[in-house]
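Protein chains: 2
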Amino acid sequence: MKIFGIAALFAGALIMLTGCSKETPATGGESGHAATQQTFKWKLVTSWPKNFPGLGRGPETFAEYVNTMSGGRLQVQVFGAGELVPGFEVFDAVASGTAQMGHAGAYYWKGKMPAAPIFSAIPFGMNVTEMNAWLHYGGGLELWRELYAPFGVIPFAGGNTGVQMAGWFKQEINSLEDLAGLNMRIPGLGGEVFKEVGGVPVTMTGGEIFVALQTGAIDATEWVGPYNDLAFGLFRAADNYYHSGWHEPGTALEFIVNEEAYNALPADLQKIVEVATRAVNQDMLDEYTARNNQAMQKLINEHGVKVKPLPDDVLRALKDATQKVLAEKSAQDPMFKKVYDSYRQFYEGVAEYHKLSEQAYYNNR
Amino acid sequence: MKIFGIAALFAGALIMLTGCSKETPATGGESGHAATQQTFKWKLVTSWPKNFPGLGRGPETFAEYVNTMSGGRLQVQVFGAGELVPGFEVFDAVASGTAQMGHAGAYYWKGKMPAAPIFSAIPFGMNVTEMNAWLHYGGGLELWRELYAPFGVIPFAGGNTGVQMAGWFKQEINSLEDLAGLNMRIPGLGGEVFKEVGGVPVTMTGGEIFVALQTGAIDATEWVGPYNDLAFGLFRAADNYYHSGWHEPGTALEFIVNEEAYNALPADLQKIVEVATRAVNQDMLDEYTARNNQAMQKLINEHGVKVKPLPDDVLRALKDATQKVLAEKSAQDPMFKKVYDSYRQFYEGVAEYHKLSEQAYYNNR
Numbered sequence: 030m031k032i033f034g035i036a037a038l039f040a041g042a043l044i045m046l047t048g049c050s051k052e053t054p055a056t057g058g059e060s061g062h063a064a065t066q067q068t069f070k071w072k073l074v075t076s077w078p079k080n081f082p083g084l085g086r087g088p089e090t091f092a093e094y095v096n097t098m099s100g101g102r103l104q105v106q107v108f109g110a111g112e113l114v115p116g117f118e119v120f121d122a123v124a125s126g127t128a129q130m131g132h133a134g135a136y137y138w139k140g141k142m143p144a145a146p147i148f149s150a151i152p153f154g155m156n157v158t159e160m161n162a163w164l165h166y167g168g169g170l171e172l173w174r175e176l177y178a179p180f181g182v183i184p185f186a187g188g189n190t191g192v193q194m195a196g197w198f199k200q201e202i203n204s205l206e207d208l209a210g211l212n213m214r215i216p217g218l219g220g221e222v223f224k225e226v227g228g229v230p231v232t233m234t235g236g237e238i239f240v241a242l243q244t245g246a247i248d249a250t251e252w253v254g255p256y257n258d259l260a261f262g263l264f265r266a267a268d269n270y271y272h273s274g275w276h277e278p279g280t281a282l283e284f285i286v287n288e289e290a291y292n293a294l295p296a297d298l299q300k301i302v303e304v305a306t307r308a309v310n311q312d313m314l315d316e317y318t319a320r321n322n323q324a325m326q327k328l329i330n331e332h333g334v335k336v337k338p339l340p341d342d343v344l345r346a347l348k349d350a351t352q353k354v355l356a357e358k359s360a361q362d363p364m365f366k367k368v369y370d371s372y373r374q375f376y377e378g379v380a381e382y383h384k385l386s387e388q389a390y391y392n393n394r
Numbered sequence: 030m031k032i033f034g035i036a037a038l039f040a041g042a043l044i045m046l047t048g049c050s051k052e053t054p055a056t057g058g059e060s061g062h063a064a065t066q067q068t069f070k071w072k073l074v075t076s077w078p079k080n081f082p083g084l085g086r087g088p089e090t091f092a093e094y095v096n097t098m099s100g101g102r103l104q105v106q107v108f109g110a111g112e113l114v115p116g117f118e119v120f121d122a123v124a125s126g127t128a129q130m131g132h133a134g135a136y137y138w139k140g141k142m143p144a145a146p147i148f149s150a151i152p153f154g155m156n157v158t159e160m161n162a163w164l165h166y167g168g169g170l171e172l173w174r175e176l177y178a179p180f181g182v183i184p185f186a187g188g189n190t191g192v193q194m195a196g197w198f199k200q201e202i203n204s205l206e207d208l209a210g211l212n213m214r215i216p217g218l219g220g221e222v223f224k225e226v227g228g229v230p231v232t233m234t235g236g237e238i239f240v241a242l243q244t245g246a247i248d249a250t251e252w253v254g255p256y257n258d259l260a261f262g263l264f265r266a267a268d269n270y271y272h273s274g275w276h277e278p279g280t281a282l283e284f285i286v287n288e289e290a291y292n293a294l295p296a297d298l299q300k301i302v303e304v305a306t307r308a309v310n311q312d313m314l315d316e317y318t319a320r321n322n323q324a325m326q327k328l329i330n331e332h333g334v335k336v337k338p339l340p341d342d343v344l345r346a347l348k349d350a351t352q353k354v355l356a357e358k359s360a361q362d363p364m365f366k367k368v369y370d371s372y373r374q375f376y377e378g379v380a381e382y383h384k385l386s387e388q389a390y391y392n393n394r
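Listed in order, the protein sequences are those of chains A and B.
Reminder that position 171 of the first sequence reads as 200 in our numbering, one-by-one numbering, no gaps.
Reminder that position 143 of the second sequence reads as 172 in our numbering, one-by-one numbering, no gaps.
Have a look at this one:
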């Protein structure tokens with residue numbers, strides 16, 4: 030940690046200096062840093078249980094990267110959901126400056142900004158590779174920043190789960206009729222599409238799901254995928270696990286930063302924050318990719334979970350309903366239309382290319 | 030750039046100090062940094078033309094990240110292939126310390142280390158998502174470091190192209206017979222598999238390909254994908270563009286660092302190097318994903334390129350030959366066997382899970 034080295038040397042120079050002059054600048058307290066070498070302490074609030082696999086590891090990794098890269102000049106402390114603020118109040122906490130930073134999913138803020146869910150996942154939309162390309166080379170991140178700017182909040186891509194599983198159902202789903210009146214925990218645009226085909230979408234943070242499912246307050250839930258679903262023990266509360274992920278085909282998480290706090294950082298620390306988010310964005314997907322299959326095998330072999338695809342008529346109905354919901358949203362909210370137009374144009378192109386590359390390779394190998 | 034701020038202040042203190050004492054430490058030259066705040070200047074040599082789209086942008090982005098995050102304490106200068114050393118001498122240059130760092134592809138070093146190509150791409154092997162997960166959460170990176178350790182070189186994942194195209198052929202390929210005696214530029218294990226089915230693999234750096242193809246020194250070439258292939262103008266030298274990528278289904282690039290140079294860095298700069306490589310690893314894929322489709326449309330619509338799949342019998346023969354080559358390599362080289370065993374075990378698991386997630390989603394959406 031060279032940074033402490035120079036601080037000590039500088040403090041030493043000052044001590045010698047004070048021997049012959051009183052014109053010394055004040056030292057920066059215990060750290061010995063002068064004002065120009067200021068130490069920043071940031072709170073990072075999250076929507077996840079502290080240290081939760083994948084989602085919760087992302088912000089911890091971020092903090093570790095930043096603390097080390099900055100030589101301790103930017104110290105980030107991570108809070109689990111409910112430790113400082115509830116999981117669904119992360120955005121407000123960052124906007125108000127209660128915390129300098131947050132880690133969450135953009136679709137949690139759809140009540141405030143109808144376009145927000147586009148920056149986490151759209152049913153039958155882009156997968157993780159496509160989403161990252163749109164955000165960083167297709168104009169997506171600029172639109173995301175435009176959306177959050179009125180709140181003084183700056184978003185960064187903050188990891189991705191890959192394709193999420195369709196979820197856990199207490200009863201088997203054999204046809205579209207089985208969804209009628211079903212209470213299911215499903216957030217974002219997926220929830221609105223689910224309503225369109227006759228279901229009843231419910232929103233709650235991850236930590237509340239297990240009890241709701243076990244007590245029968247909900248009949249079904251999606252959460253993430255085998256790695257996280259196993260960690261919550263959802264298999265103890267529902268028997269049927271459907272894999273045909275449709276509602277969140279590559280869910281982006283977000284790091285959000287209070288604009289004033291960010292602007293107060295020197296350029297090197299700003300870049301450290303930015304690059305650390307990019308690295309975590311990749312790292313979280315790597316963790317999910319490596320751990321999901323192990324967890325799936327455990328669910329099947331140790332817990333006797335039945336894993337199955339959704340029936341074709343259900344998938345078809347969901348796909349049709351998705352188009353309807355997206356068209357309605359575009360008609361209702363000009364910012365939704367602006368963001369979705371960019372998303373759709375990029376998606377059409379990249380999906381076409383993936384037919385010749387990623388998709389063709391999956392099917393050829 | 031606070032770092033310059035404190036340097037100036039420190040220099041100021043020294044100037045005042047020298048007014049009443051001669052016991053001053055030497056300043057660190059123009060930068061004003063003392064020894065504890067040492068500035069490091071690194072050369073980064075690459076196997077690509079300077080600033081080449083994707084491959085060449087990766088090291089430039091890395092340098093920009095590191096220069097800014099370190100406040101100028103670690104200054105990285107990037108050299109294109111042939112500017113300081115030839116493209117195929119990057120590894121030796123880093124091992125010897127001629128350059129502190131390199132950016133290349135591991136399969137270029139297969140003459141030195143038979144197992145090296147596993148860390149770039151295996152025919153019919155893992156795609157980019159799977160490869161990154163194996164490297165960072167499946168033990169892959171540890172094995173890679175074990176392989177390079179005897180040379181005093183530390184590897185980091187350094188970007189990925191995604192699925193590469195099967196390549197450019199002067200004549201149409203209608204059956205396996207059309208490959209017999211064909212001179213094709215194809216590196217790594219793909220080249221050995223190509224030889225197994227009757228072709229003649231040739232190795233050369235990217236910069237040499239166009240002339241070789243145009244003069245007929247080679248009959249065919251793979252390079253990367255539409256984005257890079259368009260930049261080289263390969264469509265001017267061959268008419269047939271085959272998309273069914275099989276030989277490099279998610280090619281990892283590498284950053285390599287001279288071990289002594291790395292160990293000489295303080296902990297904050299070491300972490301800055303590590304995290305910057307992770308961020309570039311993601312960023313390069315984003316660039317390829319966003320640009321490949323645009324380039325493919327340009328090749329088809331503006332340059333009249335015919336894009337087609339390889340015949341089924343060719344793909345089948347290549348797949349069989351791949352198994353043979355991998356078995357032979359495992360029998361010949363214990364380190365190849367050790368690395369490939371880890372790779373294969375991870376691949377079998379993750380491919381099984383991707384059947385229910387990424388692959389299923391591509392086919393359902």
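The C-beta atom is built at its ideal place from N, Cα and C for all residues, glycine as well.
Should residue i go down as buried or exposed, given a rule of 16 or more other Cβ atoms within 10 Å for buried?
| i | result |
| --- | --- |
| GLU175 (chain B) | exposed |
| ARG345 (chain A) | exposed |
| PHE204 (chain A) | Phe is not the amino acid found at residue 204 (chain A); the sequence shown has Ser there. The residue in question, SER204 (chain A), is exposed, as its Cβ has fewer than 16 Cβ neighbours within 10 Å. |
| LEU351 (chain A) | Residue identity check: residue 351 (chain A) is Thr in the sequence provided, not Leu. That one is buried. |
| ASN16 (chain A) | For residue 16 (chain A) there is no data in the structure shown, the boundaries of chain A being 30 and 394. |
| PRO179 (chain B) | exposed |
| GLY262 (chain B) | exposed |
| GLN193 (chain B) | buried |
| THR190 (chain B) | buried |
| HIS62 (chain B) | For HIS62 (chain B), the pLDDT reaches just 39, beneath the cut-off of 50, and the residue's location in the model is therefore unreliable, leaving the point undetermined. |
| ALA296 (chain A) | exposed |
| VAL240 (chain A) | exposed |
| THR244 (chain A) | exposed |
| ASN292 (chain B) | exposed |
| ALA162 (chain A) | buried |
| LYS384 (chain B) | exposed |
| GLU201 (chain B) | exposed |
| TYR390 (chain B) | buried |
| THR53 (chain B) | Reliability fails at THR53 (chain B), whose pLDDT of 34 lies under 50, so the model's placement of it is uncertain and the value that follows must be treated cautiously. So THR53 (chain B) ends up on the exposed side. |
| ALA37 (chain A) | Residue confidence is low: ALA37 (chain A) scores 37 on pLDDT, short of 50, so the model does not pin down where it sits. Its coordinate-derived value is still stated next. Under this definition ALA37 (chain A) is an exposed residue. |
Using alpha carbons as the reference points, say which of the options lies closest to residue i.
| i | options | result |
| --- | --- | --- |
| GLU331 (chain A) | A:ARG265, A:ARG345 and A:HIS383 | A:ARG265 |
| MET130 (chain B) | B:PHE284, B:PHE365 and B:ASP362 | B:PHE284 |
| PHE223 (chain A) | A:ARG394, A:LYS353 and A:GLU381 | A:LYS353 |
| VAL231 (chain A) | A:ARG394, A:ILE247, A:THR318 and A:VAL182 | A:ILE247 |
| GLU288 (chain B) | B:GLY100, B:PRO184, B:VAL368 and B:GLY101 | B:PRO184 |
| PRO255 (chain B) | B:VAL229, B:ALA290, B:GLU303 and B:GLY196 | B:GLY196 |
| ALA260 (chain B) | B:LEU103, B:PRO363 and B:LYS79 | B:LYS79 |
| GLY87 (chain B) | B:ALA124, B:PHE365, B:GLU316 and B:ASP362 | B:GLU316 |
| ARG394 (chain B) | A:ASN393, A:GLN361, A:ASP362 and A:VAL343 | A:VAL343 |
| VAL304 (chain B) | B:PHE198, B:GLY274 and B:MET98 | B:MET98 |
Name the two residues that bound the continuous alpha helix (DSSP H) containing residue i.
| i | result |
| --- | --- |
| ARG373 (chain A) | 363-385 |
| VAL114 (chain A) | Premise fails: VAL114 (chain A) is in no alpha helix (DSSP H) and is neither H nor E. |
| GLN129 (chain B) | From DSSP, GLN129 (chain B) is part of no alpha helix (DSSP H); its letter is neither H nor E. |
| VAL226 (chain B) | Neither: VAL226 (chain B) is in no alpha helix (DSSP H) and is coded neither H nor E. |
| ASN330 (chain B) | 296-330 |
| TYR177 (chain A) | 169-177 |
Assuming the contact rule is C-beta atoms closer than 8 Å, residue i and residue j should be a hit. Round their C-beta distance to whole Å, please.
| i | j | result |
| --- | --- | --- |
| ASN322 (chain B) | TYR382 (chain A) | 4 Å |
| LEU73 (chain A) | VAL114 (chain A) | Wrong, their Cβ atoms sit about 11 Å apart, outside the cutoff. |
| TRP77 (chain B) | GLY210 (chain B) | Not a contact, Cβ separation roughly 30 Å. |
| HIS276 (chain B) | GLY187 (chain B) | Rounded, the Cβ-Cβ distance is 20 Å, inconsistent with contact. |
| ALA144 (chain B) | PHE375 (chain B) | 15 Å between Cβ atoms; not a contact. |
I need the boundaries of the beta strand (DSSP E) containing residue i, first residue and last residue.
| i | result |
| --- | --- |
| GLU288 (chain A) | Premise fails: GLU288 (chain A) lies in the alpha helix (DSSP H), 288-292, not in any beta strand (DSSP E). |
Worksheet item: Are the stretch 300-316 of chain B and the stretch 82-96 of chain B in contact at 8 Å, needing three or more beta carbon pairs?
Response: These segments touch.
Worksheet item: Between the stretch 274-292 of chain A and the stretch 131-140 of chain A, are three or more C-beta pairs nearer than 8 Å?
Response: A contact between stretches requires three or more CB pairs, one per stretch, nearer than 8 Å, and the stretch 274-292 of chain A meets this requirement with the stretch 131-140 of chain A.
Worksheet item: When the Cβ atoms of the stretch 323-330 of chain B are set against those of the stretch 111-129 of chain A, are three or more pairs found closer than 8 Å?
Response: Under the three-pair Cβ rule at 8 Å, the stretch 323-330 of chain B does not count as touching the stretch 111-129 of chain A.
Practice prompt. Could you say if the stretch 211-220 of chain B and the stretch 137-154 of chain B meet the contact criterion of at least three C-beta pairs nearer than 8 Å?
Written response: Yes: the two stretches touch, three or more of their Cβ pairs being nearer than 8 Å.
Practice prompt. Count the CB pairs spanning the stretch 267-275 of chain A and the stretch 100-115 of chain A that are closer than 8 Å, and state whether there are at least three.
Written response: No, they do not touch.
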